[in-house]
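First up is the structure itself, then whatever we jot down about it.
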Amino acid sequence: MHSHRWGQLLSITEGLIHVEVKGVGHWVVPPHRAVWIPAFIEHDSKAVNSISMQNIYIEPSLHPHLPDQCQVIAITPLLRELISAVVQLDTLYDEQGSDGRLVQVMLDQLQSIPQQPLHLPLPSHKALLKMANALIKCPQDNKSLEEWAAKLAFSERTLARYFKKETGMTFGQWRQQARLLAAISFIAAGKSISCIAQDLGYNNQSAFIAMFKKALGKTPAKYFDVE
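Taking the UniProt record's numbering, the leading residue of the sequence shown gets 1, the next gets one more, and so forth.
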C-alpha cells in the first residue's frame, strides 16, 4: 500500500487494473475507463494483464472540490481528448493561463460523469472479511447465507445484519457484485463467455449474460467496446 500527496487520475486505454483501498474495498478499472484516487488515500494497484494507460497527478490545494473517495468513470470522447492534451503539458504549467483552463475543463468533466458500479466494498469484521475473501477467490461458491452462518458460528439473522452494516449491501447483492467484477477480469483475460458463466457458478450462459447486462447496460461481449 502507498499514498500520494496529489490526487491521481489513471486512464486505461488497454488492459485492466485492480485498485484496492485500505479498509474500503476493491475497484476494477477496465479499458476506456478511468479511476480517480484522492490525495493521501492508501491504495495499491495491480495490472491483470499488459496495460496501456495515461497518468495525471493533480495538486489538491488548487482543486479542493474534487471527489474525496475513489471512483471509476467511463471515458467520454471529450474527456479522452482532454486527458490526451493534459498529459502533454509541462509539470510546471501556467495555472492562470490557457493550460490551467484546460486542466480545469478536464476536472469539470471528471466531476460531471456518473460513477461506474465497479466497486466491491469489504467488511472490516475479521470473520466477515475471511468470508468475503473466500468468495472473491472462489466466485462460483454457491453456499447460502445459512451455510456461511453455520460455518462462522453466527445465526443467519446476525450474519445478515452485520454484513449489511459493514458493506452497505445484502449478502446476495454483494456476491453478485463480486461475480460481476470477476467476470470483467475474466473477459479482459480473454476467457469465453461460456467458460466465465461456468466459472462464476451459473447454470447456463443466458442467466449470466442477463445479470451482466442488467448491472452494466451491455452484454459481456460488448462491454469493452469504445463508446
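The beta carbon of each residue, even a glycine, is placed where N, CA and C say it ideally should be.
- Rounded to the nearest angstrom, the Cβ distance from S11 to A34 is 4 Å, consistent with a contact under 8 Å.
- By the C-beta density criterion, P77 is exposed, having fewer than 16 other C-beta atoms within 10 angstroms.
- I83 is positioned such that its CB atom lies no closer than 7 Å to that of Q116.
- By the Cβ criterion, the segment 24-34 is in contact with the segment 115-135, since at least three pairs of Cβ atoms, one from each stretch, lie closer than 8 Å.
- Taking N142 as the centre and dropping the five residues before and after it, the same chain places the C-beta of G201 closer than 6 Å to its C-beta, in chain order.
- When secondary structure is reduced to three states using DSSP, P121 falls in the strand class.
- Apart from sequence neighbours up to five positions away, the residues of its chain that approach K46 with a beta-carbon distance below 6 Å are H18, ordered along the chain.
- Contact check for W36 against P67 passes: the beta carbons are separated by less than 7 Å.
- With a threshold of 16 other beta carbon atoms within 10 Å, R161 falls short and is exposed.
- Comparing alpha-carbon positions, the option among S124, A189, E95 and L110 lying closest to L16 turns out to be A189.
- Residue pairing for E20: DSSP places it in a beta bridge opposite H26 and D44.
- In this structure, the straight-line span from the alpha carbon of M211 to that of C195 is close to 15 Å.
- In this structure, the alpha-carbon of K130 lies about 12 Å from that of F163.
- Q115 sits in a strand when the DSSP states are folded into three classes.
- W148: not part of any beta strand (DSSP E); member of the alpha helix (DSSP H) spanning L145 to L152, first to last residue.
- Annotation: the continuous beta strand (DSSP E) that includes L9 extends over G7 to E14.
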